[in-house]
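Its first residue numbered 1391, the sequence shown is counted upward by one per residue in our numbering. Even for Gly, the Cβ is constructed at its ideal location relative to N, Cα and C.
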Amino acid sequence: MNQISYVGRFAPTPSGFLHFGSLVAALASWLDARAVGGRWLLRMEDIDPPREAPGAQAAILHTLESYGLEWDGEVVYQSLRHAAYAEVTERLFRQGLAYACTCSRKQLEGYNGIYPGLCRNCCHAQEDAAIRLRVPELTYRFEDRVQGAFEQHLGREVGDFVIRRRDGLYAYQLAVVLDDAWQGVTDIVRGADLLDNTPRQLYLQELLGLSQPRYLHVPLIIQPDGHKLGKSYRSAPLPTEQATPLILRALRALGQATDAGMALGTPAEVLAHAALHWNPDAIPRRLTVPEADLL
Ligand code: GLU
Ligand code: ZN
């Protein structure tokens, strides 16, 4: 009996189109799953309609398909999961683990994004208030498969954080933890921009009695001018007609060996070959991509 228990996922936010950095993350996640015969799920993180770019959802699915990054099963949409988020938020609130916060943006100026706890001991009603999760004065640690040991003191470095916004929308931290658990995800492979979100997610998992997945944060793509390749700054959408050369660039960014013959392959062939030779130990912790390798 050789039961494969690996479940990976890719969880794009449709606030923009996929760019080279998203390809590196998606590819690493896909290869890490496929190399062990695991499942790979796709979840559309469409919890923030005001920030959604028109056409982005369809474009993301189309790009993944044209790059040969096939997913298993149906796409999960976070916009259809509100009942689950609401149920947990309500429970945390009832248990006093979360509380309503009515602070204005102005009141929170000057605290470097670390909530100073102004509403911690008030008892505001939930209406027209954000809901914040009380964090413990503890350090949360985990061992990332690429970035190594990472730790963060939740009280000092993060503060009580929002799980439901004042406008009623649920926060990424809550949705990601509930959905990864609900979908049975065992391995999270994503960009290192989310490394310092992970301790908040570990705390939520602990609080809700959910098991902790393994984490692998791929390096951010730093441009030669020092800017991170992000959704807004010079991050061209991936062209669908150049999938093979871009997959090869992404493989090199991940420290994987490529050979000349691969350039002639279809995306599916290149991916299959890369999965056979997948070596997560070769992934660099930090990365600067030469100008020529950017779009
Ligand atoms: N939706 C998040 C993003 O696009 C990724 C969430 C995750 O992988 O945990 O940045
Ligand atoms: Zn407050």
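Are the beta-carbon atoms of residue i and residue j separated by less than 7 Å?
i, j, result
"VAL1536", "ARG1399", "no"
"TYR1560", "TYR1467", "no"
"LEU1413", "ALA1658", "no"
"ALA1633", "ARG1424", "no"
"VAL1478", "ALA1520", "no"
"ASP1436", "SER1395", "no"
"LEU1628", "LEU1408", "yes"
"ALA1672", "GLY1645", "yes"
"LEU1600", "ALA1571", "yes"
"LEU1636", "GLY1458", "no"
"ARG1522", "ASP1557", "no"
"VAL1608", "ALA1415", "yes"
At the level of alpha carbons, what is the spacing between residue i and residue j?
i, j, result
"ASP1583", "HIS1514", "33 Å"
"CYS1509", "THR1492", "7 Å"
"GLY1406", "ILE1612", "19 Å"
"ARG1531", "LEU1482", "23 Å"
"HIS1452", "LEU1432", "13 Å"
"LYS1621", "TRP1430", "Per-residue confidence for LYS1621 stands at a pLDDT of 45, beneath the threshold of 50, marking its modelled position as unreliable; the derived number appears in the next sentence. Each residue's Cα considered, the two are about 24 Å apart."
"TYR1623", "GLN1485", "Its pLDDT being 44, under 50, TYR1623 is placed unreliably by the model, and the measurement read from it follows with that caveat. In a straight line, the C-alpha of TYR1623 is about 42 Å away from that of GLN1485."
"LEU1568", "ASP1649", "41 Å"
"LEU1417", "ARG1604", "17 Å"
"VAL1525", "VAL1465", "32 Å"
"LEU1638", "PRO1674", "16 Å"
"GLY1655", "TRP1461", "20 Å"
"LEU1677", "THR1403", "23 Å"
"HIS1472", "ARG1642", "39 Å"
"ILE1504", "ALA1647", "42 Å"
"SER1419", "CYS1512", "43 Å"
"ALA1565", "THR1588", "13 Å"
"MET1391", "ASP1518", "Residue confidence for MET1391 is low, a pLDDT of 48 falling below 50, so the modelled location carries little weight; the figure read from the coordinates is stated next. Using only the alpha carbons, I get a separation of about 54 Å."
"SER1494", "LEU1597", "28 Å"
"MET1434", "ALA1446", "10 Å"
"ARG1555", "GLY1538", "32 Å"
"GLY1581", "LEU1606", "8 Å"
"TYR1489", "GLU1499", "20 Å"
"GLN1497", "GLU1480", "26 Å"
"ASN1669", "ASP1577", "16 Å"
"GLN1516", "GLU1631", "49 Å"
"HIS1426", "HIS1663", "Note that residue 1426 is Val in the sequence shown, not His. Their Cα atoms are separated by approximately 13 Å."
"ASP1438", "ASP1586", "21 Å"
"ALA1443", "ILE1450", "11 Å"
"ALA1626", "TYR1562", "24 Å"
"GLY1411", "HIS1667", "21 Å"
"ASN1502", "VAL1548", "10 Å"
Is any heavy atom of the ligand ZN found at a distance shorter than 6 Å from the C-beta of residue i?
i, result
"LEU1523", "no"
CB of residue i to nearest heavy atom of the ligand GLU: below 6 Å?
i, result
"VAL1397", "no"
"GLU1435", "yes"
"PRO1402", "yes"
"VAL1566", "yes"
"ARG1604", "no"
"ARG1590", "no"
"ARG1580", "yes"
Query raised in the report: How would the residue list near the ligand ZN read, in chain order, if you kept each one whose beta-carbon is closer than 5 Å to any heavy atom?
Result: After applying the 5 Å Cβ criterion, the set is CYS1491, CYS1493, LEU1508 and CYS1509.
Query - Segment contact, 8 Å Cβ cut-off, at least three pairs: the region 1583 to 1599 with the region 1544 to 1558 - result: Verdict: yes, contact present.
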